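**Q**
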Amino acid sequence: MAAPPLQLHTPASIGPASGPGDIKSRPAWSPYDDNGGTCVAVAGSDYCIVAASTRLSTGFSILTRDCSKLFQISEQVYIASAGFQADIRALQKMLQTRNVMYQHIHRKPMSASALAQLLGNNLYYKRFFPYFTWNLCVGLDPEGKGSVYTYDPVGSFERVGYSCQGSGKDLIQPVLDNQLKAASPLVLPSENWMTALPLEQAQDLVRDAFVSAGERDIYTGDCVEILTITTGGVHRETLDLKKD
Amino acid sequence: MFAKAPSHSTALGPGCAGPPLANPQQLSSAQASAHERGSHQPSCGAAPFAVDASMLRSTGSQPHKHTQSPYVTGSSVLAITYAGGVMLASDTLASYGSTKRYKSVQRLVKVNDSTVLGAGGEISDLQFILNMLDDLKTEDYCADDGQSLSSQELYSYLSRVMYNRRNKMDPLWNSLIIAGLEGGKPFLGSVNMIGVAFSDDHLATGFGNHLARPLFRKRHRPDMSEEEATALIREALEVCYYRDKQSINKFQIAKVTASEGVSISEPFALPTKWEYKAFVDPTRNAVGVW
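Chains as they are written, first to last, in UniProt numbering: chain A, 1 to 244; chain B, 1 to 290.
1. If you count every other CB in all the chains shown that lies within 10 Å of the CB of residue 55 (chain A), and 16 or more means buried, which is it?
2. Please state the DSSP three-state secondary structure of residue 23 (chain B).
3. Do you know offhand how far residue 289 (chain B)'s Cα is from residue 283 (chain B)'s?
4. Anyone know if the C-beta pair for residue 99 (chain A) and residue 119 (chain A) falls short of 8 Å?
5. Once you ignore the five residues that flank residue 180 (chain A) on each side, which residues in its own chain have a CB closer than 6 Å to its CB?
6. Would you list, in sequence order, the uninterrupted beta strand (DSSP E) runs of no fewer than 3 residues that lie entirely inside the stretch 164–207 of chain B?
7. Got a sec, what are the start and stop residues for the beta strand (DSSP E) residue 240 (chain A) sits in?
8. To the nearest angstrom, how far is it from the Cα of residue 66 (chain A) to the Cα of residue 267 (chain B)?
9. State the Cα-Cα distance for the pair residue 176 (chain B) and residue 152 (chain B), rounded to the nearest angstrom.
10. Helix or strand or just coil, what does DSSP make of residue 227 (chain B)?
11. Can you tell me the Cα-Cα spacing of residue 44 (chain A) and residue 237 (chain B), whole angstroms?
12. Hey, does residue 207 (chain A) have any beta-carbon neighbour from chain B nearer than 8 Å?
13. Would you please state the rounded distance, in angstroms, between the beta carbons of residue 81 (chain A) and residue 69 (chain A)? I believe it to be under 8 Å.
14. In chain A, what lies closer than 9 Å to residue 82 (chain B) by C-beta?
15. If we require 3 or more residues per run, which beta strand (DSSP E) segments fall completely within the stretch 81–109 of chain B?
16. Is residue 241 (chain A) near the ligand ATP, judged by its Cβ being under 7 Å from some heavy atom?
17. Is it the case that the stretch 125–140 of chain B contacts the stretch 77–88 of chain B, given that we only count it when at least three CB pairs across the two stretches are under 8 Å?
18. Between residue 231 (chain A) and residue 146 (chain A), is the Cβ-Cβ spacing less than 8 Å?
19. Between the C-alpha atoms of residue 141 (chain B) and residue 154 (chain B), what's the straight-line distance to the nearest angstrom?
20. Is there contact between the stretch 189–205 of chain B and the stretch 158–169 of chain B, where contact requires at least three CB pairs shorter than 8 Å?
21. Assuming residue 64 (chain A) contacts residue 220 (chain A) (C-beta within less than 8 Å), just tell me the rounded distance between them.
22. Quick one: grab the DSSP three-state call for residue 159 (chain A).
23. Express the C-alpha separation of residue 202 (chain A) and residue 42 (chain A) in angstroms, rounding to a whole number.
24. Taking the CB atoms as reference points, tell me whether residue 139 (chain A) and residue 112 (chain A) lie closer together than 8 Å.
25. Would you report the Cα separation of residue 158 (chain B) and residue 73 (chain A), rounded to the nearest angstrom?
26. Distance check for residue 262 (chain B) and residue 220 (chain B), CA to CA, integer angstroms please.
27. For a quick check, are the C-beta atoms of residue 47 (chain A) and residue 199 (chain A) less than 8 Å apart?
28. Less than 8 Å between the C-beta atoms of residue 73 (chain B) and residue 139 (chain B), yes or no?
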C-alpha cells in the first residue's frame, strides 16, 4: 500500500484524534474514574441493614483501605454509594445542604421516602454530565418497616426489599435474589416483598455476601461497615475482609 | 503582528512618533480587515508566520484542549504521620516530557504555620494553586483575628477547587498532598486532578503509590519516632529514585510538629548503590531472555 502523502499541519490533521495514525493519539483526558466498592441493603419488617466496603481503588491500585461509602442524612436514613468517589462526595455534600434547608423549611428530619425522591431528582439534574455513582437510599418508613431504594447513575429509582450496588453487584445480587426472593412491591394484588428473615440471619447473609465478593472482586475488600437500623437506634459493626 | 494605526503622539514627549496631538489616524480598509477576529493576516500581504488563522478556526466550535495534557511536571510526593507530627518528601525536579528541565523546583510548600502542601503534576498549575492559597492567607491576615485555615480546611478547599475545575473540563493537572496538624493530631489528605480526595496515615502520589506505599504499609506505625520516620521516608525515596525515571537525587523533607511548626529541609542527595545484582544483570533469573 502506498504511503499516504505527507501532510504538515493542515487544518484537517489538527483537532481531535480520530485514529492511530493521527498526530495526537494520546488517549483523551477523562473526567471520570471508577473507584469501585460495593453496597448492600436489606429491608426487614422491623429493621433495615445497610453495608458498604471501605476500599478505595483506581485501576489496579488501592488508594486507601479505609474510606466510608455510607453517609447519614437523618437519624434513621442513610445513603450508600459506589462508583466515582469525587462525584460521591459532591453528591453527599449537595444532599446534606438540601437536608439542612429541608429541616429549616419543614421543621422535621427528612424521611427515607423524601430523601429517595430528592436523590432521584439530584441525579437526574445531572442527566447530561452524570454523577457516576451507584446509590442506595436506606431507612425506616413511617411504619417502622425497612425501606430500600435503588438507583442508576441518572436517577431512575425503585423501592425494593433488598439491593446491591457497585463493583460486587454481579456477584452478590443473584445470591440475594436466591435467598431473599420476593415480589416487586408494585405487583398487584400486592404480595409481601419484605424479607421474612429474622435480623440475625439477614446480618449473617450480608457478612457472607461481602466475604464472598471479597474473594473474587478486586475492588471489594479491606473492611465492610454494616449498619443495622431499627426503631431502637442504629447499630454499627465492622468486619475485616481480605486485604489482597 | 497587527498593523495598527499609530496611537501615540509627539505631544506625549520626546521619542514618540506620530501626529502632534491625540488624533489617531483612521485605519485604511486593508488595515481594518486585518483586525477581524481570528484573522492574523499581516496588512503587508505577506504570508502569515506567527499564527495560522486557519488553524485557530479549525478548533472553532471545539473547546481548547491544550489544558488537558501536562507540560512541565513533577513526580511523586511521599508522606507519613509519626508520633506528634507529619513528614513529607519529594525530589526537586520539574521535567519537560523526559527532559530534566528544572532541577531545583521546590515542590513542598509551607502554606501556613501548621500546614505543608506537596504537589506532583503540572508545575504551572501548582503555581496557580499557590497563588490562590496566598489569597486565602491574605484574607486571614486582613481579618487579624489570629485564626488561620487548618490543614483539614485547606484539604476541603483544594478538593473543591480541583473538582470544580474537573467539572469545567479544564483540570488542574496535579496530585496534591496536604499535611499538617489538625487539633494537635497529624493529618494527611490527598487530592487528585479529578477531585478524588481521601485521608490516610500514609500517602504517596504517582509512582510512589506503587513503590513507596507497599513499604509504608509494611513498616509504618502512627507512633513512630521522628528518627524512625526519617529512616523510612529516606528508604522510600531511594526505592522511588531507583525505579522512577522522572526523578533526580535531590530531595527535600518537610516536617510539621507541634513544637517546631513547619520546617522544610535544604535539598540533599541520598547515598545510592547501583551494584545490586539485579541492576548489573537484570535478566539473571530469567533464563532465555536477553
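Note that the Cβ used here is the ideal one computed from N, Cα and C, for glycine as well.
For clarity, every value in this text was computed on a predicted model and none was experimentally measured.
**A** According to the data block:
1. buried
2. The pLDDT assigned to residue 23 (chain B) is 46, lower than 50, so where the model puts this residue is not dependable; a value taken from the coordinates is nonetheless given after this. In the structure shown, residue 23 (chain B) sits in coil (DSSP, three-state: anything other than H, G, I, E or B).
3. 7 Å
4. no
5. 162 and 195
6. Correct list: 174–182, 185–191, 197–199 and 202–204.
7. 233–240
8. Rounded to whole angstroms, residue 66 (chain A) to residue 267 (chain B) spans 34 Å at the Cα level.
9. 13 Å
10. helix
11. Each residue's alpha carbon lies about 52 Å from the other.
12. Not one chain B Cβ lies under 8 Å of residue 207 (chain A).
13. 6 Å
14. Ordered by position in chain A, no residue passes the 9 Å Cβ test against residue 82 (chain B), which lies about 18 Å from the chain.
15. 85–91, 94–96 and 99–102
16. Inclusion of the ligand ATP in the displayed structure is not the case, the ligand content being empty and no account of it being possible.
17. No contact exists between the stretch 77–88 of chain B and the stretch 125–140 of chain B.
18. no
19. 16 Å
20. Three or more beta-carbon pairs separated by less than 8 Å link the stretch 189–205 of chain B to the stretch 158–169 of chain B, which places the two stretches in contact.
21. Not a contact, Cβ separation roughly 14 Å.
22. strand
23. Residue 42 (chain A) and residue 202 (chain A): Cα-Cα distance of roughly 7 Å.
24. yes
25. 24 Å
26. 21 Å
27. Yes, these two residues count as a Cβ contact at 8 Å.
28. no
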